[in-house]
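Asks: Could you have a look at this structure, given as structure tokens, before my questions?
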Amino acid sequence: MLRRSCWKSRHKACWLPAGLVALLLLGTSPGAWSSAAGLDATDVLQRDAAFDVTYNDTVTNENQTIYAFNHTISRNKTDGVRVSVDVLSKGSDSPILFVVRQKQAVLSFQVPLILRGLYQRKYPYTHVGRTLCQPPTRAASETQYFFVDVSTLSSQGTNYQLRVSRVESFTLQTDKKFSFMASPSQPQYFKYVFPDGVDTVIVKVNSNMDFPCSVMSVQDIQCPVYDLDNNVAFIGMYQTMTKKGAITVQRKDFPSSSFYVVVVVKTEDEACGGPLRFYPLLPDELIDAGNRTKMLDVVVSPAINTAVYVRGMLFCLGVFLSFYLLTLLVACLENKRMKKKRDFFQLPADMSPAETGSLLGRNGDGKAPVSPYEYGCFADNGSTLSSEAVTDSATSTDNNEGYLERSLDSVGRSRQESLSSVEEDDYDTLDDIDSDKNIVRTKRFLYVSDLARKDKRVLSKKYQIYFWRLSQECGIPKHFGLFYAMGTALMVEGLLSACYHVCPNYTNFQFDTSFMYMIAGLCMLKLYQKRHPDINASAYTAYACLAAVIFFSVLGVVFGKGNLFFWITFSVIHIVATLLLSIQLYYMGRWKMDSGVLRRMASIIYTDCIRQCSGPMYIDRMVLLVMGNIVNWSLASYGLLERPNDFASYLLAIAICNLLLYFAFYIIMKLRSGERIQFLPLVCILFTAVVWGWALFFFFQGLSTWQETPAESREHNRDCILLSFFDDHDIWHFLSSIAMFGSFLVLLTMDDDLDTVQRDKIFVF
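Right under this line is the structure:
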């Protein structure tokens with residue numbers, strides 16, 4: 066009865082006995098209860114209060130004020146209630162304690178509100194705003210009461226302002242943006258209810274301001290709501306944000322089919338990549354955080370449905386299927402073309418010399434005459450292929466054996482030893498047994514025939530050849546082992562890229578890039594193998610070199626950040642390796658690293674540079690190697706001076722630059738040597754160049770980066786632009802994989818024009 070009589074008059078004071086005060090304070094925080102337990106019965110004032118009215122009052126340790134509010138809630142509608150407090154007095158030795166007692170929850174906070182940052186820095190806030198948790202109701206309509214208790218232990222009078230108001234748009238609507246203000250001491254949260262037929266939604270929070278750093282959280286409908294910087298990460302899902310933040314929410318994770326969207330502004334910006342501005346010397350010093358109010362907006366939208374997933378998967382399958390269909394079509398057309406060519410060049414045994422000359426002079430279809438050495442290649446082998454396609458293993462074996470017999474007969478040497486007795490250091494299967502490879506490989510002008518003399522058995526021990534085309538007389542030797550390795554590396558790179566994207570970070574990025582190094586290295590090996598089949602690196606050497614690259618990649622990831630000693634060591638190794646490789650390529654491997662190497666170098670410098678000024682014997686090779694050294698020395702200098710944090714990408718840039726340089730040199734030298742690029746490889750080159758261009762365009766959109774904080778990385782996020790399912794980075798993966806496959810096709814078909822050219826007419830460069 067006493068409580069009801071007090072509520073009847075809104076402006077009349079009501080004095081309560083001390084025992085009743087203790088009952089009223091049950092459930093409040095221990096500090097609030099203890100601060101009021103020792104008060105006199107005459108020191109507790111309770112007054113009726115109304116919404117949207119500002120109350121100015123003073124509190125000391127000798128009096129306590131209780132504000133009583135009531136409001137009506139309904140089961141089908143949720144109205145938010147917000148308590149805002151300002152402390153007007155400064156320099157008080159004790160804070161004011163505010164305790165909000167509700168039907169099923171208690172909220173307490175002090176003003177000034179002290180929030181802690183790193184190294185226990187303390188930031189006081191005199192303006193505090195908190196949204197009250199709304200307990201659910203089963204009745205269609207119910208009147209609920211809540212009380213705001215104000216107390217302090219300060220003997221000085223402290224002035225404060227109290228205002229309780231309803232929150233407009235507390236319940237978020239689907240696809241409707243709502244804007245609001247927030248600060249560390251004034252967090253905001255809103256309720257969202259899943260509409261019928263929607264099982265997954267995306268909660269997006271955006272701001273035009275980078276800083277102050279903020280946190281968005283999704284929490285279940287329960288009390289209390291964790292809406293302060295020091296507790297927002299306790300439950301639910303959360304993420305830091307500067308300008309953008311988004312969380313996907315599923316209905317099955319929330320039994321009530323509803324959730325709270327909580328937005329908190331942090332006391333410091335370090336979590337979002339911002340600077341730490343204050344370094345207090347005194348541990349208990351209070352720091353003025355300044356204005357940390359942030360304008361934000363929130364919108365909840367339905368996520369993509371099953372139909373979008375199905376379209377995305379069908380699109381992927383269609384892309385893969387198109388490659389198979391295109392490959393089958395090209396294979397059929399090529400097979401038809403080559404069949405006609407074989408039929409034309411298979412001469413009848415009874416053809417007269419006059420008819421043979423006529424045939425060589427003019428094709429039956431009126432096309433340009435066929436050169437004699439091209440006709441000879443077809444006559445010797447009976448058939449040929451226009452690209453390094455994988456031939457039937459049985460046919461290849463038969464042809465190889467037939468050719469091997471002819472080769473052995475022409476040499477005139479009887480070999481009785483088994484395959485296991487053939488070593489690379491033994492005599493090579495040379496057409497001219499009197500020639501020495503030290504002499505052959507140092508000729509001023511080299512042809513492929515000079516570097517394609519080794520026996521098949523020797524090459525089989527050097528590296529796995531898989532299927533290969535016979536003709537060791539016409540065209541580029543067809544070795545397919547590296548293509549199998551390149552294809553396998555591409556598949557594994559795709560798998561590890563998927564693993565990296567599950568949780569992209571600085572550490573596991575090296576697994577994604579490891580096979581990129583391998584692909585670049587294998588492509589360079591394949592280019593070199595085309596014209597240097599006898600002296601190309603063996604499988605063991607290639608494996609060891611790639612393993613060394615990956616080893617340095619791991620060292621760079623672990624120790625490379627700002628480590629001057631590591632960068633000096635790596636730069637020296639990079640430059641020395643470049644010089645050694647240059648010597649190896651220039652002299653075609655005909656040099657030795659022994660105790661006399663310095664003496665021989667001094668002799669060459671004295672003879673060619675001092676005694677007489679003579680130019681290099683191998684001009685083309687020298688141009689390539691000089692350009693390669695310039696590029697690699699520049700990259701080494703950049704790494705030593707700048708010491709980039711992303712060592713894996715730096716190492717990948719070195720590999721890609723060297724590959725592009727060698728590929729450009731190969732194309733230029735091919736055209737300079739009078740060779741031509743046929744229609745199919747030309748289409749592959751143009752198509753691959755265009756696709757690479759678009760792929761790099763989407764790659765440099767920079768949708769995310771692990772080099773920055775998660776909050777900064779989210780600033781680059783964009784909407785999905787392809788089928789509402791794939792974003793720019795997904796398109797980069799599509800295009801880059803297609804471009805990589807096209808690059809392999811370029812390597813496969815680039816020398817198709819040489820298939821009918823004798824090897825002693827094909828230049829080495």
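Once you know that position 240 of the sequence shown is 305 in the working numbering, the rest is easy, because the numbers rise by one and skip nothing. The C-beta atom is built at its ideal place from N, Cα and C for all residues, glycine as well.
1. Compare the C-alpha of Ile-827 against each of Cys-539, Val-691, Ile-695 and name the closest.
2. Gly-339 and Phe-276 look like a contact to me (Cβ under 8 Å); what is the Cβ gap, rounded to whole Å?
3. Which residue marks the beginning of the beta strand (DSSP E) containing Gln-226, and which one marks its end?
4. Can you tell me where the beta strand (DSSP E) holding Asn-573 begins and where it ends?
5. Between the Cα of Leu-293 and those of Asp-264, Leu-178, Arg-779, Phe-134, spot the shortest distance and give me the residue it belongs to.
6. Do we get a CB-CB distance below 9 Å when we pair Leu-293 with the residues of chain B?
7. Can you tell me whether Met-815 is helix, strand or coil according to DSSP?
8. According to DSSP, is Met-274 part of a helix, a strand, or is it coil?
9. What is the residue span of the beta strand (DSSP E) that His-192 lies within?
10. Counting along the chain, where does the alpha helix (DSSP H) carrying Met-896 start and finish?
11. Using a threshold of 9 Å, state whether the C-beta atoms of Tyr-325 and Val-365 are closer than that.
12. Which residue or residues does DSSP assign as beta-bridge partners of Tyr-312?
13. Threshold first: 4 residues or longer. Then list the alpha helix (DSSP H) segments lying entirely within the segment 314–387, N to C.
14. Can you tell me whether Phe-828 is helix, strand or coil according to DSSP?
15. Please report the residue range of the beta strand (DSSP E) in which Val-641 lies.
16. How about Ile-633 and Leu-705: do their beta carbons lie closer than 9 Å?
17. Roughly how many angstroms lie between the CA atoms of Asn-356 and Val-330, to the nearest whole one?
18. My understanding is that Ala-776 touches Cys-278, with C-beta atoms under 8 Å, so please give their C-beta distance in whole angstroms.
19. Distance check for Val-266 and Leu-393, CA to CA, integer angstroms please.
20. With three or more C-beta pairs closer than 8 Å as the rule, is the segment 561–575 touching the segment 762–782?
21. Leaving aside the five residues before and after Ile-286 along the sequence, list all residues of the same chain whose C-beta is less than 8 Å from its C-beta, in chain order.
22. Do you know how far the Cα of Ser-159 is from the Cα of Thr-125?
23. Going by DSSP, what residue range makes up the beta strand (DSSP E) through Arg-783?
24. State the DSSP-derived secondary structure class of Phe-243, mapped to helix, strand or coil.
25. Buried or exposed for Val-232, going by 16 or more other Cβ atoms inside 10 Å?
26. Is the beta carbon of Leu-227 sitting closer than 9 Å to the one on Thr-358?
27. Leaving aside the five residues before and after Leu-590 along the sequence, list all residues of the same chain whose C-beta is less than 7 Å from its C-beta, in chain order.
28. When you compare only the Cα positions, how much space is there between Lys-241 and Thr-191?
29. Determine the contact status of Cys-64 and Gln-175, defining contact as a CB-CB distance below 9 Å.
30. Classify Asp-353: buried if its beta carbon has 16 or more other beta carbons within 10 angstroms, exposed otherwise.
31. Based on the DSSP secondary-structure assignment, which residues constitute the bridge partners of Val-176?
32. Which of the three DSSP states is assigned to Arg-147 in this structure?
33. On a Cα-Cα basis, can you pick out the residue from Val-623, Ser-802, Leu-361 that is closest to Val-573?
34. With distances taken from CA atoms, which of Cys-337, Lys-309, Val-829, Ser-234 is nearest Asp-599?
35. Could you spell out the range, first to last residue, of the beta strand (DSSP E) harbouring Ile-131?
Replies: Here's the rundown:
1. By 1-based counting over the sequence shown, the position of residue 827 is 762. Out of Cys-539, Val-691, Ile-695, Cys-539 has the C-alpha closest to the C-alpha of Ile-827.
2. Taking the first residue of the sequence shown as 1, we reach residue 339 at position 274. Taking the first residue of the sequence shown as 1, we reach residue 276 at position 211. The Cβ separation is near 5 Å, so the contact holds.
3. On the sequence shown, position 161 is the one that residue 226 refers to. Unbroken beta strand (DSSP E) run through Gln-226: 223–232.
4. Translated into the one-based positions of the sequence shown, residue 573 becomes position 508. No beta strand (DSSP E) holds Asn-573; DSSP gives it neither H nor E.
5. For the purposes of this step, residue 293 is taken as residue 228 along the sequence shown, with counting starting at 1. When only C-alpha atoms are compared, the closest one is Leu-178.
6. You won't find chain B in this structure, because it holds only one protein chain.
7. By 1-based counting over the sequence shown, the position of residue 815 is 750. Note: Met-815 maps to coil in three-state DSSP.
8. Counted from its first residue, the sequence shown places residue 274 at position 209. Note: Met-274 maps to coil in three-state DSSP.
9. Position 127 of the sequence shown, counted from the first residue, corresponds to residue 192. 192–196 is the span of the beta strand (DSSP E), which, as asked, contains His-192.
10. Only positions 66 to 830 of the chain appear in this structure, which leaves residue 896 out of reach.
11. Position 260 of the sequence shown, counted from the first residue, corresponds to residue 325. Position 300 of the sequence shown, counted from the first residue, corresponds to residue 365. No, the Cβ-Cβ distance between Tyr-325 and Val-365 is not below 9 Å.
12. In the sequence shown, the residue the question calls residue 312 occupies position 247. Looking at the sequence itself, residue 312 is Ile, so the reference to Tyr does not match. According to DSSP, which records beta bridges pairwise, Ile-312 is partnered with Val-268.
13. none
14. Start at 1 with the first residue of the sequence shown, and residue 828 comes out as number 763. Note: Phe-828 maps to strand in three-state DSSP.
15. As a position in the sequence shown, residue 641 is number 576, starting the count at 1. Careful: Val-641 lies outside any beta strand (DSSP E), inside the alpha helix (DSSP H) at 629–651.
16. As a position in the sequence shown, residue 633 is number 568, starting the count at 1. As a position in the sequence shown, residue 705 is number 640, starting the count at 1. Yes, Cβ-Cβ distance for Ile-633 and Leu-705 is below 9 Å.
17. Position 291 of the sequence shown holds residue 356. Position 265 of the sequence shown holds residue 330. Taking the straight line from one Cα to the other gives about 11 Å.
18. If you number the sequence shown from 1, residue 776 lands on position 711. If you number the sequence shown from 1, residue 278 lands on position 213. Confirmed, about 6 Å.
19. Position 328 of the sequence shown, counted from the first residue, corresponds to residue 393. Position 201 of the sequence shown, counted from the first residue, corresponds to residue 266. About 43 Å.
20. yes
21. Locating residue 286 in the sequence shown gives position 221, where the first residue counts as 1. Here the set comprises Pro-201, Lys-256, Phe-319, Ser-321, Ser-323, Phe-324, Tyr-325.
22. Indexing the sequence shown from 1 puts residue 125 at position 60. Indexing the sequence shown from 1 puts residue 159 at position 94. Each residue's Cα considered, the two are about 10 Å apart.
23. Reading the sequence shown from its first residue, position 718 is the one you call residue 783. Unbroken run through Arg-783: none, as it is neither H nor E.
24. Position 178 of the sequence shown, counted from the first residue, corresponds to residue 243. It is a strand residue.
25. One-based indexing of the sequence shown puts residue 232 at position 167. By the neighbour-count rule (16 or more Cβ atoms within 10 Å), Val-232 is buried.
26. For the purposes of this step, residue 227 is taken as residue 162 along the sequence shown, with counting starting at 1. For the purposes of this step, residue 358 is taken as residue 293 along the sequence shown, with counting starting at 1. No.
27. Here the question's residue 590 lines up with position 525 in the sequence shown. Excluding sequence neighbours, Leu-590 sits near Leu-547, Asn-601, Ala-602, Ala-607.
28. Residue 241 sits at position 176 when you count from the first residue of the sequence shown. Residue 191 sits at position 126 when you count from the first residue of the sequence shown. Their Cα atoms are separated by approximately 33 Å.
29. Only positions 66 to 830 of the chain appear in this structure, which leaves residue 64 out of reach.
30. In the sequence shown, counting from the first residue as 1, residue 353 sits at position 288. Classification of Asp-353: exposed, given that the 10 Å Cβ count is below 16.
31. Your numbering for residue 176 matches position 111 in the sequence shown. Paired residues: Ile-161.
32. Along the sequence shown, one-based indexing puts residue 147 at 82. The answer is strand: DSSP assigns Arg-147 an E or B state.
33. As a position in the sequence shown, residue 573 is number 508, starting the count at 1. The amino acid occupying residue 573 in the given sequence is Asn; Val does not appear at that position. The residue with the shortest Cα to Cα distance from Asn-573 is Val-623.
34. Counting from one through the sequence shown, the residue named residue 599 turns up at place 534. Considering only alpha carbons, the answer is Val-829.
35. Indexing the sequence shown from 1 puts residue 131 at position 66. First-last of the beta strand (DSSP E) with Ile-131: 129–139.
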